[in-house]
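1 is the number of the first residue of the sequence shown in the UniProt record's numbering; add one for each residue after it. Glycine is no exception: its CB is placed at the ideal position from the N, C-alpha and C atoms. Since the model is a prediction, treat every value here as computed from it, not as a measurement. Remarks on the structure that follows.
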Amino acid sequence: MTTRTLFLSPRVTATGHALADAARRRGAHVETLRDWRVPEQWRRAAGASLYAGPLFADAVARELGVGLLEAPEDWLARLPYELTLRNVEFTTIEEARLLRRPAFVKPPNDKSFPARVYPDGSGLPGPDAVEGGEPVLVSDIVTFAVEYRLFVLDGEVRTGSRYATRGDLDVAPLAEDPRRGEVLGFAERLAGTGLPSAVVVDVGLVDGSGWAVVEANAAWASGHYACDADAALDVVLRAARPEGEFGAADHRFLRPVPEVVRD
Numbered sequence: 001m002t003t004r005t006l007f008l009s010p011r012v013t014a015t016g017h018a019l020a021d022a023a024r025r026r027g028a029h030v031e032t033l034r035d036w037r038v039p040e041q042w043r044r045a046a047g048a049s050l051y052a053g054p055l056f057a058d059a060v061a062r063e064l065g066v067g068l069l070e071a072p073e074d075w076l077a078r079l080p081y082e083l084t085l086r087n088v089e090f091t092t093i094e095e096a097r098l099l100r101r102p103a104f105v106k107p108p109n110d111k112s113f114p115a116r117v118y119p120d121g122s123g124l125p126g127p128d129a130v131e132g133g134e135p136v137l138v139s140d141i142v143t144f145a146v147e148y149r150l151f152v153l154d155g156e157v158r159t160g161s162r163y164a165t166r167g168d169l170d171v172a173p174l175a176e177d178p179r180r181g182e183v184l185g186f187a188e189r190l191a192g193t194g195l196p197s198a199v200v201v202d203v204g205l206v207d208g209s210g211w212a213v214v215e216a217n218a219a220w221a222s223g224h225y226a227c228d229a230d231a232a233l234d235v236v237l238r239a240a241r242p243e244g245e246f247g248a249a250d251h252r253f254l255r256p257v258p259e260v261v262r263d
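What follows is the structure, given as structure tokens:
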């Protein structure tokens, strides 16, 4: 069996350190890339995996030979209302600029502009900053009383963490949270909703309404908060691995990585 090598971006975070420690404990190699270019000896490395932000991942994944799983951009908008407890529209930023009401607007899988409540579409970045065809999710505004991060593998929650209470950072392992059973019960309802085999899903309790999906995130770019690092690493290694290792069921969830032109 090929030994895994976990590659990290130059900006190593607390989660990067935790995943690196977990990888070393199981005998995997860990390499920190020093810039946005993959050294020759690591190009298309056997057993490569990656933990990094989307922009850095786009720059190095092709040279590493790594495929990256992520939820479809319109996944949240396609969920039934009973799983979101709010209306969510998948559209373009050009259309969203025409909004004349407050809404929560975010890029589906990237961070091309801040995800937040906008008083109306005029507050969104203009065409000089973000092209009009950029996909966005436009959501009704709801208040989450408490929010949780779940690392999910083959539909099973491998580890979880509370990360916010009423919008403020409030981190604790899911195992120690009094709502653990409710969180896991709600997560079971997400089976068959069209997610990749390895993914991160954020869920929360909406004031006065019940449990709802916050969003889906790529495991290879998600912070682990108080999740168990070893269990989170299992999900990351499945979500970012050599392209040839992905089965047919996951091919449609592979991130379209751009061709990077080097000087």
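In this structure, does DSSP put residue i in helix, strand or coil?
i: Thr32; result: strand
i: Ala52; result: coil
i: Asp21; result: helix
i: residue 271; result: This structure cannot settle anything about residue 271, because the visible part of the chain is limited to 1 through 263.
i: Asp202; result: strand
i: Glu70; result: coil
i: Ala216; result: strand
i: Gly210; result: strand
i: Gly123; result: helix
i: Thr15; result: helix
i: Ala103; result: strand
i: Arg116; result: strand
i: Leu195; result: coil
i: Val257; result: coil
First and last residue of the alpha helix (DSSP H) that includes residue i?
i: Val236; result: 229–239
i: Trp75; result: 75–78
i: Ala96; result: 93–96
i: Thr5; result: First-last for Thr5: 5–8, but that is the beta strand (DSSP E), not the alpha helix (DSSP H).
i: Glu147; result: Not the alpha helix (DSSP H): Glu147 falls in the beta strand (DSSP E), residues 144–153.
What residues in its chain sit with their C-beta under 6 Å from that of residue i, if we drop five residues either side in the sequence?
i: Asn87; result: Asp140
i: Val183; result: Tyr148
Could you tell me which residues DSSP pairs with residue i in its beta bridges?
i: Ser222; result: None, per the DSSP bridge assignment.
i: Arg86; result: Answer is none; Arg86 lacks a bridge partner.
i: Ala164; result: Glu147, Leu169
Go to residue i, then tell me how far its beta strand (DSSP E) extends in each direction, as first and last residue.
i: Val171; result: 168–173
i: Phe186; result: Run containing Phe186: none in the beta strand (DSSP E); it sits in the alpha helix (DSSP H), 180–188.
i: Pro135; result: 135–139
Excluding sequence positions up to five away, which residues of its chain have a Cβ less than 8 Å from the Cβ of residue i?
i: Leu68; result: Leu50, Ala57, Ala61, Ala218, Trp220, Ala239, Ala240, Leu254, Arg255, Val257
Identify, in the order they occur along the chain, each residue of the same chain with its Cβ nearer than 7 Å to the Cβ of residue i, setting aside the five sequence neighbours on each side.
i: Phe246; result: Gly67, Leu254
i: Val38; result: Val60, Glu63, Leu64
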